[in-house]
Each structure stands twice: as structure tokens, then as C-alpha cells.
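Keeping their order, the protein sequence lines are chains Z and U.
Going left to right, the first sequence walks through residues 262 to 416 as my numbering numbers them.
Going left to right, the second sequence walks through residues 8 to 738 as my numbering numbers them.
In this text, a Cβ means the ideal position worked out from N, Cα and C, and glycines have one as well.
Written below as C-alpha cells is the structure these notes are about.
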Amino acid sequence: MAISFTINGVGRTFDGDEEMPLLWHLREEAGLKGTKFGCGIGQCGACTVHLDGDAVRSCSVPMGSLAGASITTIEGLADSDDNLHPVQEAWLEEDVPQCGYCQAGQIMATVAFLKDTPNPTDEDINAGITNLCRCGTYFRIRKAIKRAAESMAAT
Amino acid sequence: MNSLSRRLFLKSSAATATLAIALSSTPFVLAQDDEAEGGHVTPCLRIGTDGRITLCVPIPDMGQGMETTAAQMIAEELNVRLEDVDVELMPFLGRVNDEGRAVFGRFYQGGGGSGSTMRIWTEVRRTAAYARTLLLEAAARQWQVPRSTLTAVNGEVIETATGRALPYSELIEGTRFIGDEVKENSVDPKPVDRHAVIGKDARNVHGKAIVTGKPIFGIDAEVPDMVHAAIRRCPHLNGSVQRFDDSAARQVAGVLDVVEMQRIPEDLSTYRTVAAGVAVIARDLWSAKKAAALLEIEWDGSVSQEDDTDLLRQKCLNALDDGEFNTSIEGGDLDAAFDAAAQTVEATYFHPHWAHTCIEPHSCIARVTDDAAEIWVAHQFMDAAINGVTNAVGISPDKVTAHYYRMGTGFGRKFEEDYVMEAAILSKATGQTVKVTWSREDEMEQDYVNSLVAYRVRAAVDSDGDITAWHMKAAGDTVPAIVTREYPARLVDTYKGEFLQVPNGVSRGAWRGPHHNVAGWVIQSFLDEVAAETGQDRLEALLKLYGRKESLKSVNWPYRDTFFERYRAVLEKAASEADFGKQMSVGRGQGIAVHHTFVSVCAHVVEVEMIGQNDYRVRKVTSAIDCGLAVNPLGVRAQVESGIMDGLCAAKYGKWILDKGLVTSNNFDTYRKMRIDEAPTDVDVHIVDFGDAEPRGTGEVSLPPVIPALTNAIFAASGKRIRSLPISENL
Chain Z
262 MAISFTINGV GRTFDGDEEM PLLWHLREEA GLKGTKFGCG IGQCGACTVH LDGDAVRSCS
322 VPMGSLAGAS ITTIEGLADS DDNLHPVQEA WLEEDVPQCG YCQAGQIMAT VAFLKDTPNP
382 TDEDINAGIT NLCRCGTYFR IRKAIKRAAE SMAAT
Chain U
8 MNSLSRRLFL KSSAATATLA IALSSTPFVL AQDDEAEGGH VTPCLRIGTD GRITLCVPIP
68 DMGQGMETTA AQMIAEELNV RLEDVDVELM PFLGRVNDEG RAVFGRFYQG GGGSGSTMRI
128 WTEVRRTAAY ARTLLLEAAA RQWQVPRSTL TAVNGEVIET ATGRALPYSE LIEGTRFIGD
188 EVKENSVDPK PVDRHAVIGK DARNVHGKAI VTGKPIFGID AEVPDMVHAA IRRCPHLNGS
248 VQRFDDSAAR QVAGVLDVVE MQRIPEDLST YRTVAAGVAV IARDLWSAKK AAALLEIEWD
308 GSVSQEDDTD LLRQKCLNAL DDGEFNTSIE GGDLDAAFDA AAQTVEATYF HPHWAHTCIE
368 PHSCIARVTD DAAEIWVAHQ FMDAAINGVT NAVGISPDKV TAHYYRMGTG FGRKFEEDYV
428 MEAAILSKAT GQTVKVTWSR EDEMEQDYVN SLVAYRVRAA VDSDGDITAW HMKAAGDTVP
488 AIVTREYPAR LVDTYKGEFL QVPNGVSRGA WRGPHHNVAG WVIQSFLDEV AAETGQDRLE
548 ALLKLYGRKE SLKSVNWPYR DTFFERYRAV LEKAASEADF GKQMSVGRGQ GIAVHHTFVS
608 VCAHVVEVEM IGQNDYRVRK VTSAIDCGLA VNPLGVRAQV ESGIMDGLCA AKYGKWILDK
668 GLVTSNNFDT YRKMRIDEAP TDVDVHIVDF GDAEPRGTGE VSLPPVIPAL TNAIFAASGK
728 RIRSLPISEN L
């Protein structure tokens with residue numbers, strides 16, 4: 262039976278293998294390459310997207326579980342490239358990305374994190390952000406999270 | 008070749024990113040056309056049909072910031088602002104050498120050895136300066152005025168007296184027919200004191216594409232008619248396929264073919280290039296992966312039973328006592344110096360293998376026909392990727408068209424050819440355009456790891472605490488000669504370096520700062536031990552040691568002069584900025600270390616706080632680096648920060664485990680990487696400026712000294728000396 266859900270606000274149906282992780286649907290079928298494959302076991306967070314507003318690791322979400330779900334990917338985070346989300350802006354301001362591969366996942370994790378923790382301490386960040394960055398941009402990620410929090414509080 | 012025919016030639020070849028063989032004999036690309044892409048003025052500048060300026064850079068980016076740094080060099084000479092232009096990779100502009108190999112042409116087109124910036128420094132700026140001159144000359148001809156009355160500013164040529172202007176885009180046609188009159192080397196790049204872009208902070212030029220999720224990485228590449236391969240590679244090191252049953256795999260919808268992958272080379276006693284395995288070809292990636300998991304394969308892992316982490320460790324340690332060593336370097340009378348010593352300090356060190364864990368698993372698309380090939384790949388070295396195709400399927404490099412992408416890190420692993428070869432082999436075998444995508448487990452099991460080595464270090468010390476003799480032995484699964492030749496050998500006049508390779512089947516490769524990544528630790532930790540044993544101030548002891556001579560020519564690649572004034576300067580800078588030696592509370596400590604990696608030198612002070620007896624957190628890292636002229640200070644600081652994290656992480660957790668030939672640390676659940684909770688919240692990086700007019704390198708330089716600064720800090724905080732890595736198992 263076909264499964265209906267939305268990706269970035271656009272309705273989609275799926276009637277393929279229900280075991281397939283959402284990650285591969287996004288990358289290989291929906292043409293959304295911004296969500297990255299890193300480990301396939303939910304460890305690294307490169308594939309982080311929002312499922313009904315919560316950050317999830319899409320490599321570990323089977324398609325069969327998505328009936329009625331609302332999915333947001335990095336491509337759907339901002340209205341347009343000229344009007345970025347404050348977290349994306351903070352990432353640019355702090356010049357966070359080196360290779361950049363994990364950063365879409367880091368940004369998606371941060372957006373969800375700041376919804377629950379709008380004014381995070383270092384300890385909050387340590388507990389709430391668990392994505393892996395192989396370039397080791399954590400120092401700048403921490404600064405960008407705080408910058409984004411300040412910017413979102415001001416608006 | 009006249010201008011017009013040259014133009015046509017270039018239109019048919021270089022514009023589509025084909026290997027442009029003719030460029031080796033052609034002095035310069037004046038302009039090339041592509042109806043869809045617009046025109047080029049030299050390989051460094053492309054102007055789109057919409058007038059948009061694109062700077063074309065020669066070396067792929069893996070996170071080291073090379074595309075941004077190179078774009079700064081071009082922007083400097085073209086007088087454009089980075090925020091006004093786009094940046095893309097230029098095609099491979101090499102040639103085929105007499106051995107039938109693709110080699111670099113005018114530009115160095117590989118990322119490695121912390122040398123990319125300095126290797127392209129002169130050519131890229133000269134090429135961009137030439138492009139500027141061509142644009143000025145074209146305007147001068149159009150207006151019938153002398154070139155000297157014109158300037159190039161923000162993408163326009165302006166007549167100074169009148170203020171009239173022409174955008175670069177309207178001058179491109181005019182540049183095509185003046186190449187014989189404006190000689191390519193007639194213009195020098197700007198001197199340092201006129202730099203407006205070089206030496207200033209520049210953010211990642213692809214930052215916006217990254218934070219909005221644009222498909223810019225190799226793994227994102229797609230070709231309309233491609234099919235997908237998932238390969239089950241032999242999990243046993245150097246093992247082979249005995250037999251397999253693909254009947255269940257072939258039942259999966261979408262599966263097109265199953266192909267056995269032969270090990271390359273065939274001889275199992277030689278190091279692996281391509282692993283033995285079985286590939287499933289399917290219409291889509293998920294079907295390929297799912298079917299590959301259903302393959303029933305009987306592996307033969309008998310060849311690697313002795314390739315075992317614990318066994319290799321023991322063999323190396325035993326060899327330190329009774330092995331037959333080779334001498335790497337020797338000077339003075341070692342025995343006499345140790346006999347005369349007031350004190351002798353000796354210690355044994357060990358580190359296991361580290362995996363690369365490139366965050367982007369490898370992938371490659373290949374389309375191989377009878378007499379040509381095309382690849383789409385993220386690779387550190389443009390020539391090596393092409394040679395991978397030639398090695399795999401015998402297509403000559405001049406028949407290989409390569410499209411290059413951004414890498415989700417490389418660290419030396421994406422220098423290898425295996426993932427390109429697999430795609431080429433499967434394309435040839437199936438007649439299809441094939442995309443091979445590696446899993447994380449593949450990436451870690453089939454790694455070319457950092458070496459596993461045991462060391463014995465001895466120092467003879469006189470009554471003043473000065474080292475009078477230095478003796479270093481290294482036994483490892485590689486040829487660990489480089490470490491044993493490093494300073495303080497020769498800085499101390501009596502010295503000996505010895506090395507021995509223990510037979511093994513492990514594939515090793517370049518891992519960020521090869522050899523130096525561990526040399527820094529062993530040497531700087533041991534020097535800290537000597538200072539502690541002889542009751543000296545640690546910083547003073549280092550300054551005294553590196554004050555013994557003014558300079559030496561390095562005996563390790565790239566064999567440059569080492570100026571010890573710079574060692575002392577970075578040590579003093581890091582120490583003063585960190586207030587090294589300050590009073591610390593119980594359970595806290597500082598460590599200091601310095602190391603020279605290839606071309607640049609870096610010092611760190613690390614502050615740790617112990618958490619109970621067996622854990623710690625790094626609270627602060629203060630760094631000073633001398634990398635010559637810093638083209639992009641913001642990028643230099645990013646690379647120093649990156650090397651710090653990489654070093655802190657590898658030292659604490661890095662351990663790639665072989666269990667009788669099977670890699671048991673094959674994903675992030677079994678090979679731990681640091682996350683933000685263990686990252687220092689305070690990283691303070693200082694670039695020490697010696698007024699150099701030329702850049703050197705940065706990418707690998709901060710890693711080697713951070714590990715000893717860490718372990719020395721742990722000693723200061725806890726009294727425990729870490730002589731075996733990873734720290735997490737030895738604290």
C-alpha cells in the first residue's frame with residue numbers, strides 16, 4: 262500500500278521497499294542530496310533531518326514508518342537561498358564549514374535543538390549536539406550555535 | 008598553430024574537462040569557448056554568457072580550504088572581490104609522460120603534503136596577472152589608448168582619465184587575438200605590499216552551497232544512464248573469495264548483474280590495491296545494497312591470521328630487544344657519550360593503527376568504452392584518479408575524461424586509486440555506466456591505515472641537564488625511518504637512528520602528517536620526560552635545545568632548511584599567550600610541545616583537567632604557527648583548529664583493530680571519534696609573522712605537536728606518563 266507523507270511541504274507517495282531507510286529515498290529518489298550518508302547506523306548524524314519537527318537520523322528511519330509524516334531536509338530549511346535560516350547564517354558568519362560534508366546534519370540538529378533549548382549553555386550543547394564532524398569544527402560550531410541563539414532571541 | 012585554430016582545438020578538448028594533452032607544448036590557453044559555459048581568459052578565469060565571473064582553481068578541496076586560498080590568489084591579480092564571483096575547479100591540465108602516465112602540467116593539481124598553496128603560488132598568480140593584462144590590452148585596442156592609462160577594478164577595465172569602463176565580459180572576444188603580442192611572462196604578480204585579498208581573512212567560498220545542501224560532493228554525482236554497484240569486499244585482510252551463491256541476490260527486483268571482483272594484485276602475499284569481492288549491479292543503490300547483503304560468500308582469510316593488532320604490537324616490542332635494525336642516521340660516538348653521561352633516560356613508546364574515517368565514504372562513477380573512459384569522482388590528486396582508470400582497464404590517460412568534485416575530507420585516503428579502479432573495472436565488465444558507493448564498513452575495513460610502531464628512545468644527559476647523545480629505535484609494520492631521523496638528531500651532535508620493519512600484510516598509507524603525526528608525540532613527550540627527570544623547566548629545556556644551532560637542512564622530505572629561531576618563536580608565543588607555567592589547581596595541568604611538519608612549525612600549550620583517575624577534558628589549547636605568508640589567516644586558523652581536534656581524537660581513541668586478519672573496528676560504534684562534548688571550548692591560535700613573501704603550508708602542521716602537548720599536560724595534571732596510545736586504554 263502506498264505511503265503518503267510530505268517532504269519540505271510537498272506531498273509524496275511511496276510504494277517501494279518499506280525497509281529502505283528514508284536517507285536513500287531522499288538522496289536517490291527525491292533528488293535531495295543535501296542529506297548525507299556517513300555511517301548507516303545512526304552514529305554520525307550526517308543524515309539528520311526533521312521528522313514532524315524532531316531531529317532524526319534518516320539512515321535509521323524505515324520508509325514503512327512514514328505514513329502521514331512531515332519531513333524537512335536542509336533544502337527545505339530556508340525560504341530561499343537569499344533568505345537563510347538564522348542557523349545557516351550563523352554557520353556562514355563563523356565560517357564553520359571546512360569540507361562541509363557533515364554540516365547540513367549539524368545545522369538540522371542545531372535547529373531542532375534550539376527549539377527546545379533557545380538559550381543553551383555549554384553543557385546543554387555538550388548534551389544536545391552529538392553529530393560527528395571529521396574536520397573537527399566543533400569550536401566554531403559551538404560559537405555558531407550561540408550566535409544563532411542570540412540572533413533568534415533578538416527577532 | 009594560429010590563434011583561430013588553437014581556439015578551435017581548445018573548444019573541442021579542454022572545455023569539457025578532458026585531459027588537455029596539448030597544453031604541455033602550448034605556452035598558454037588564451038581563451039576557450041563553450042557555448043553553454045561562456046569563455047575563458049587563461050585557465051584561471053571564465054566569464055559566463057550572463058557576464059558572471061568565475062575563478063577557476065587547480066586543486067580540489069577536501070576541507071583544507073584550497074579552493075578559497077587559490078581563489079584569493081586569482082582574485083588578487085584580477086582585482087575582483089570574492090563575494091562578487093563564483094569559484095570552480097579547473098579541468099586537469101596535465102599531460103601523458105613517456106611511461107604513459109598522466110602527470111601534472113603547468114599547475115600542480117593535487118592536495119597533499121601541506122604543500123598545495125606553495126606549489127601553485129607562483130603559477131596561479133602569474134596566470135591570473137596575465138589574464139588581467141590581456142583584458143587591459145583588449146580594452147586599450149578597443150579604445151585606441153595606451154594600456155598604461157587603464158586600470159582593472161572590480162571586474163571592469165576603467166580609463167583613469169575619463170572614468171569610462173568596460174566589464175571583463177565585453178572584453179573576452181578582444182583577448183583572443185593578442186596572445187602573441189602580450190607575452191605570458193611579461194607581467195609579474197603583485198608584490199606583497201600591494202595585496203588587498205591575499206593576507207586577509209576569507210570565508211569558505213562554498214560556504215553557502217554547503218549550508219544549503221547543494222550537491223557538490225563526489226558522492227552526490229549522478230549521470231543519467233548510470234547503474235549502481237554495491238560490493239561485498241573480503242573482510243579478511245588480503246583474503247580471497249572461495250565460492251559464492253548469488254541466487255537470493257539475483258531475486259531482488261532491480262538487480263542486473265553479479266560480478267566477482269578479482270583481487271589486485273593477484274598475489275596474496277603482496278599488499279592489496281583492490282580487494283577481492285563480489286559486486287551486485289542494480290538499477291538503484293538500495294536494491295544493490297540489499298541484494299549484496301543476500302550474497303552468500305565463503306571467504307578465505309587464511310593468509311592474514313598473523314595480521315593481528317596484539318600480535319603485531321608484541322612483535323614490534325620484542326624487536327626492540329632483539330631485532331636486526333637498519334641505521335637511518337648516525338653521528339659522533341654514541342657509546343662513549345652514554346658511558347660519560349651523568350644520567351641516562353630511556354623509555355619505550357607504542358601507538359596502534361589509526362583509520363582515516365573520511366566522513367564521505369568513497370564513490371566513483373565510471374563509463375568505460377572500448378577506447379575511452381569518463382569518470383566522476385572526488386579525489387585528492389587529479390592525475391592519480393586518471394591513472395587509476397589506466398591501471399584498471401588499460402585506457403590511455405589521454406582518452407580519460409575526468410570530472411572532479413569536492414571531497415568530504417581526504418586525509419591522504421582519497422589519494423589512493425582503488426575506488427576509481429573498482430568503478431572502471433565494473434563499467435568495463437558490464438558495459439554500463441557504473442556508480443560504486445562504499446559503505447562506512449568498507450571505508451574502514453579497506454583502509455590504508457597509519458602505521459603501528461614501537462619505539463625505544465634514550466638520551467644521555469650531562470650534569471647541566473643538557474642532552475649529549477640521542478638514540479632512537481623504531482620497529483613497526485612500515486619502514487619507520489623518518490621518525491628516527493628527526494630532530495633532535497643532529498641538533499645534538501651525537502646521535503643514532505635505527506629502524507626495522509616487522510613483516511606483515513597491512514596496507515598503510517598517508518594519514519594526515521604521515522610519520523610526523525607520531526614523531527611529534529614520541530619525541531616531544533620524551534623530551535618532556537628528560538626535562539622532568541633532570542629537574543628542568545620544560546619550556547626552558549626546549550628553548551635551550553632549539554637554541555643550539557641556528558639552522559640545519561632537513562634530512563626528511565621535502566629536505567628544506569630548518570630555522571630554529573622559528574621553533575623558539577612559536578614556543579615562546581604559545582607559552583606567553585597561554586601563561587605557561589602559571590599556578591594550576593589540583594587535577595589541572597599544562598603541557599607544551601613543538602614540531603616541524605614538512606615545511607612549517609607549530610607549538611601548542613594544552614590545558615587539561617582530570618576527571619577522576621582515568622579520564623580528562625582538554626579545557627584550552629593555545630597555538631602558534633609559522634606557515635610563511637598566511638594567504639588566508641581565517642583558513643589557517645581553521646586548519647590549526649582542525650589538526651588540534653584530529654590529534655586530540657586520535658590520541659585518545661584511535662585504534663584500528665585487526666583480530667586475526669579481520670577488522671573489528673569498522674564503524675563509529677567500534678571506532679570512537681570525539682564529539683563536541685569533548686572538544687575544547689577555548690582554542691586560541693596565533694600566526695607568527697616573520698615577514699615572509701611566500702606561503703608554505705598548514706593542513707597537517709598543527710596535529711603532530713598537539714598529541715605530546717596533551718600527554719605532557721596529563722603528566723603535569725596527574726603524574727601519569729602516557730607512553731602507549733590510545734590514551735583511553737592507558738590512563
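Quick one: list the residues of chain U neighbouring residue i, beta-carbon separation under 7 Å, in chain order.
i	result
Cys396(Z)	Gly70, Thr416, Ser649
Glu289(Z)	Asp291, Leu292, Trp293
Ile390(Z)	Ile683
Return no unless some Cβ of chain U is closer than 8 Å to the Cβ of residue i.
i	result
Leu393(Z)	yes
Asn438(Z)	Outside the modelled stretch of chain Z, which goes from 262 to 416, sits residue 438(Z), for which no answer is possible.
Gly325(Z)	no
Glu411(Z)	no
Asp356(Z)	yes
Thr281(Z)	Here the sequence assigns Met to residue 281(Z), which means Thr is not the residue at that position. For Met281(Z), the answer is yes, since a Cβ of chain U falls inside 8 Å of its Cβ.
Ile419(Z)	Outside the modelled stretch of chain Z, which goes from 262 to 416, sits residue 419(Z), for which no answer is possible.
What does residue i reach in chain U if we use C-beta pairs closer than 9 Å?
i	result
Phe298(Z)	Ile226, Glu367, Pro368, Thr444, Ser446, Arg447
Ala380(Z)	The displayed chain sequence assigns Asn, not Ala, to residue 380(Z). Neighbours of Asn380(Z) on chain U: none; closest Cβ ~17 Å, over 9 Å.
Ile368(Z)	Val218, Gly220
Going by beta carbon distance, what residues of the same chain come within less than 7 Å of residue i, once the five residues before and after it are set aside?
i	result
Glu1(U)	Nothing about residue 1(U) can be read from this structure; chain U reaches only from 8 to 738.
Thr604(U)	Ser121, Gly520, His523, Glu707, Val708, Pro711
To which residues of the same chain is residue i closer than 6 Å at the C-beta, ignoring the five residues directly before and after it?
i	result
Ala415(Z)	none
Ile489(U)	His522, Asn563
Cys360(Z)	Cys396
Output, in chain order, the set of chain Z residues within a Cβ distance shorter than 9 Å of residue i.
i	result
Thr219(U)	Gly295, Ile335, Glu336, Leu338, Ala339, Asp342, Leu345, Gln349, Ala365
Lys215(U)	Asp342, Leu345, Gln349, Leu353
Phe675(U)	Gly299, Cys300, Ile302, Gln304, Cys305, Leu393
Asn211(U)	Leu353, Asp356, Val357, Pro358, Gln359, Gly361
Find out if the Cβ-Cβ distance for the pair residue i, residue j is shorter than 8 Å.
i	j	result
Cys323(U)	Ala526(U)	no
Arg132(U)	Glu74(U)	no
Leu433(U)	Ile271(U)	no
Arg318(Z)	Glu355(Z)	no
Ser725(U)	Thr491(U)	no
Thr501(U)	Gly338(U)	yes
Excluding the five sequence neighbours on either side, which residues of its own chain have a C-beta within less than 8 Å of the C-beta of residue i, listed in chain order?
i	result
Glu305(U)	Val248, Gln249, Arg250, Phe251
Asp340(Z)	none
Gln149(U)	Leu173, Leu178, Gly181
Arg403(Z)	Asp383, Ile386
Glu557(U)	Phe570, Phe571, Glu572
Thr167(U)	Thr156, Leu157, Thr158
Can you find a C-beta in chain Z that's less than 8 Å from the C-beta of residue i?
i	result
Met652(U)	yes
Phe422(U)	no
Gly284(U)	no
Ala724(U)	no
Lys503(U)	no
Thr364(U)	yes
Leu301(U)	no
Ser12(U)	Low confidence applies to Ser12(U): its pLDDT is 32, below 50, so where it sits in the model is not reliable, and the reading given next is rough at best. Closer than 8 Å: no.
Ala645(U)	yes
Lys680(U)	yes
Val690(U)	yes
I'd like to confirm the pairing. Which residues does DSSP put opposite residue i in its beta bridges?
i	result
Lys480(U)	Arg463(U), Glu505(U)
Gly338(U)	Tyr502(U)
Ala380(U)	Val375(U), Val407(U)
His243(U)	Leu669(U)
Ile599(U)	Val612(U)
Arg515(U)	Val456(U)
What does residue i reach in chain U if we use C-beta pairs closer than 8 Å?
i	result
Ile402(Z)	Ile683
Would you check whether the ligand FAD has a heavy atom nearer than 7 Å to the C-beta of residue i?
i	result
Ala496(U)	Of ligands this structure carries none, so the ligand FAD is not represented either.
Who are the neighbours of residue i on chain B, taking C-beta pairs under 8 Å?
i	result
Ala686(U)	The structure shown contains no chain B; the protein chains it does contain are Z and U.
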